[in-house]
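Enquirer: In order, the protein sequences belong to chains P and H. All the letters of the first sequence, read from the start, carry residue numbers 5 to 200 under my numbering. All the letters of the second sequence, read from the start, carry residue numbers 5 to 200 under my numbering. Using N, Cα and C, we set each Cβ at its ideal position, and we do this for glycine too. Since the structure is predicted, the reported quantities are computational estimates derived from the model, not experimental observations.
Protein chains: 2
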Amino acid sequence: MTRGRPIAFSPDEAANAAMQVFWNRGYESSSTRELLEAMCLSRSSLYQAFGNKEQLFLEALRRYRESLVERLGRRLEVAPSAMTFLTSLFRETAQEAGGDRAAQGCLIFNSASELGQRDGLPSQHARHSIAAITALFHEAVSRAQTEGDIASSRNTDALASYLTMGMAGLRTLLKSGADAEQASQAVELLLGGLQH
Amino acid sequence: MTRGRPIAFSPDEAANAAMQVFWNRGYESSSTRELLEAMCLSRSSLYQAFGNKEQLFLEALRRYRESLVERLGRRLEVAPSAMTFLTSLFRETAQEAGGDRAAQGCLIFNSASELGQRDGLPSQHARHSIAAITALFHEAVSRAQTEGDIASSRNTDALASYLTMGMAGLRTLLKSGADAEQASQAVELLLGGLQH
DNA sequence: TGATTTATGGAACGATCAGTACTAAATTCT
DNA sequence: AGAATTTAGTACTGATCGTTCCATAAATCA
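#1: How close, in whole Å, do the beta carbons of T176(P) and T138(H) come, if the pair is a contact with beta carbons under 8 Å?
#2: Is the stretch 42 to 55 of chain P close to the stretch 7 to 26 of chain P, with three or more CB pairs under 8 Å?
#3: Please tell me whether A12(H) has its Cβ less than 9 Å away from any Cβ of chain P.
#4: Counting C-beta neighbours from all protein chains within 10 Å, is the total for R147(P) 16 or more, i.e. buried, or is it exposed?
#5: Which of the three DSSP states, helix, strand or coil, is assigned to E41(P)?
#6: Name the residue from H132(H), Q108(H), T168(H) and A187(H) whose alpha carbon lies nearest to the alpha carbon of L198(H).
#7: At the level of alpha carbons, what is the spacing between D183(H) and V191(H)?
#8: Suppose you measure from the CA of A98(H) to the CA of E41(P); what does that come to, to the nearest Å?
#9: Does Q186(H) come out as helix, strand or coil in the three-state DSSP assignment?
#10: For P126(H), I'd like the list of residues in its chain whose CB is within less than 8 Å of its CB, leaving aside the five on either flank, ordered along the chain.
#11: Mapping DSSP to helix, strand and coil, what is Y166(H)?
#12: Of all the CB atoms in chain P, is at least one closer than 9 Å to the CB of D161(H)?
#13: Just to make sure I have the definition right: I need the residues of chain H whose C-beta is within less than 8 Å of the C-beta of R131(P). Which are they?
#14: My guess is that I112(H) and S133(H) are in contact by the Cβ rule of under 8 Å, so how many angstroms apart are they, rounded?
#15: Skipping 5 residues on each side, what residues in its chain have a beta carbon closer than 7 Å to that of E100(P)?
#16: Quick check on R69(H): buried or exposed, where buried means 16 or more other Cβ atoms within 10 Å of its Cβ?
#17: For E2(P), return the contacting residues in chain H, with the cut-off set at a CB-CB distance below 9 Å.
#18: Under a CB-based cut-off of 9 Å, is S71(P) close to chain H?
#19: Ignore the nearest five residues each way along the sequence and tell me which others in E38(P)'s own chain have a CB closer than 8 Å to its CB.
#20: Name, please, each residue of chain P whose Cβ falls closer than 7 Å to the Cβ of F113(H).
#21: Please list, in chain order, all residues of the same chain as L140(P) whose beta carbon is under 7 Å from its beta carbon, the five residues on each side excluded.
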């Protein structure tokens, strides 16, 4: 049986609030003060429940990654074809141009860019998250090949890396204020590269 | 005539040293302490000569941008063809994989990712720097079209955005630890998109 | 009810942040 | 030489950083 005062907050909601802060401000620039306010809990509760800022970030990044991979994985499953999954994913992302979502970017690519190849867990987990995205693209390309939308003769690994590179570039383009037309044109060329 | 004690440091070298710090650590994460040490000057000299941290960053970014655009512009001029300029630029960048240079990335794309669409001059200048890169790609694509290496029927603006997106993505890929093979494969697919 | 266990709120920690003020040093012009 | 002017070095500002500590509140078990 549990003893003592029960926690008055939802660890789940608190972690999601922290994720939003890291998403908007990055890892190092997110202060514990901002995190506390967004999470609506006291200092001691944060350290009690999540350890410290680094561990909280790892938890936030983990949630983001797992949520994203799961959501995209489902979307790939139910898509009429893997190719339509890929084209609609990139086209919809390009259409975010100018909005708040475009300015936010993607926590994974943001983290990879900020933390680069440093030592330490945050950088390490950012790299692992990029690998997870590439793995998802790999699965989609592989399925598109079995479905006949991409030639089986083409290198699946290379195409997966190409799509990760494309999505990373698209997110940077959107962050730098590209409009919907510019982003869409670039995306169409990128998608064209899948079929030649 | 100038009166008073002459400065004992080279403003040029100091600015370059600051650029290196911002390049490695980003804008917000670079402390004045680190900057002072790298620039080998005292606190008062920094504020006397460069105003404040923000202005120092703007100066560093301006130098980086102008130096890069000038260097690439010359390289484009002397290249046997605009297409060889583009292919060798991307291929050489991919070959940086694993090295310190790959980990550093590009100050312009780093800044665009970190500063996004915020208010304020640093963000504004980062976006302008991205535009400068796109303009350079535009020039290269345009020349490649007159040289017959890219069909004139194709949208030059779209191709320029596509290349900026590609370079941004490649930089992120390299930062996240991609090896030379992975980066090269992705780059070849990207370059293939220029000719179809 | 009383002892025990856990969460909470907030004060406080030392370190560091960007930026300023002031004194001393170094040079030029008169 | 001496006045004027500018740089350099450093102590200092108030603010904020991530983290710890401790007294108090709230729950469970005996």
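Expert: Quick answer:
#1: Taking the first sequence and counting its residues from 1, the one referred to as residue 176(P) is at position 172. Taking the second sequence and counting its residues from 1, the one referred to as residue 138(H) is at position 134. The Cβ separation is near 12 Å, so there is no contact.
#2: The stretch 42 to 55 of chain P, when compared against the stretch 7 to 26 of chain P, does touch it at the 8 Å Cβ threshold.
#3: As a first step, residue 12(H) is located in the second sequence; it is residue number 8 there, counting from the start. Answer no: the Cβ-Cβ gap between A12(H) and chain P never drops below 9 Å.
#4: By one-based count along the first sequence, residue 147(P) stands at place 143. R147(P) is buried by the Cβ-count criterion.
#5: For the purposes of this step, residue 41(P) is taken as the residue at position 37 of the first sequence. Three-state result, E41(P): helix.
#6: As a first step, residue 198(H) is located in the second sequence; it is residue number 194 there, counting from the start. Closest by alpha carbon: T168(H).
#7: Residue mapping note: residue 183(H) aligns to position 179 of the second sequence, counting from 1. Residue mapping note: residue 191(H) aligns to position 187 of the second sequence, counting from 1. Cα to Cα, the separation comes out at about 12 Å.
#8: Taking the first residue of the second sequence as 1, we reach residue 98(H) at position 94. Taking the first residue of the first sequence as 1, we reach residue 41(P) at position 37. Going by the C-alpha atoms only, they are around 42 Å apart.
#9: What you label residue 186(H) is simply residue 182 of the second sequence in a count that begins at 1. Helix at Q186(H).
#10: Counted from its first residue, the second sequence places residue 126(H) at position 122. These residues qualify, in order along the chain: Y31, E58, F61, L62, L65, S115 and L119.
#11: If you number the second sequence from 1, residue 166(H) lands on position 162. It is helical.
#12: As a first step, residue 161(H) must be located in the second sequence, where it is residue number 157. Closer than 9 Å to some Cβ of chain P, the Cβ of D161(H) qualifies, so yes.
#13: Looking up residue 131(P) in the first sequence gives position 127. Correct list: S180 and G181.
#14: One-based indexing of the second sequence puts residue 112(H) at position 108. One-based indexing of the second sequence puts residue 133(H) at position 129. Confirmed, Cβ separation roughly 4 Å.
#15: The residue given as residue 100(P) occupies position 96 in the first sequence. Closer than 7 Å at Cβ, skipping near neighbours: A106 and L178.
#16: Here the question's residue 69(H) lines up with position 65 in the second sequence. R69(H) is buried by the Cβ-count criterion.
#17: Nothing about residue 2(P) can be read from this structure; chain P reaches only from 5 to 200.
#18: Within the first sequence, numbered from 1, the residue matching residue 71(P) stands at position 67. So no, S71(P) is outside the interface.
#19: What you label residue 38(P) is simply residue 34 of the first sequence in a count that begins at 1. Contacts found: V25 and R29.
#20: By 1-based counting over the second sequence, the position of residue 113(H) is 109. Near F113(H) (Cβ distances below 7 Å), the residues of chain P are T176.
#21: By one-based count along the first sequence, residue 140(P) stands at place 136. Hits under 7 Å: V73, L76 and G77.
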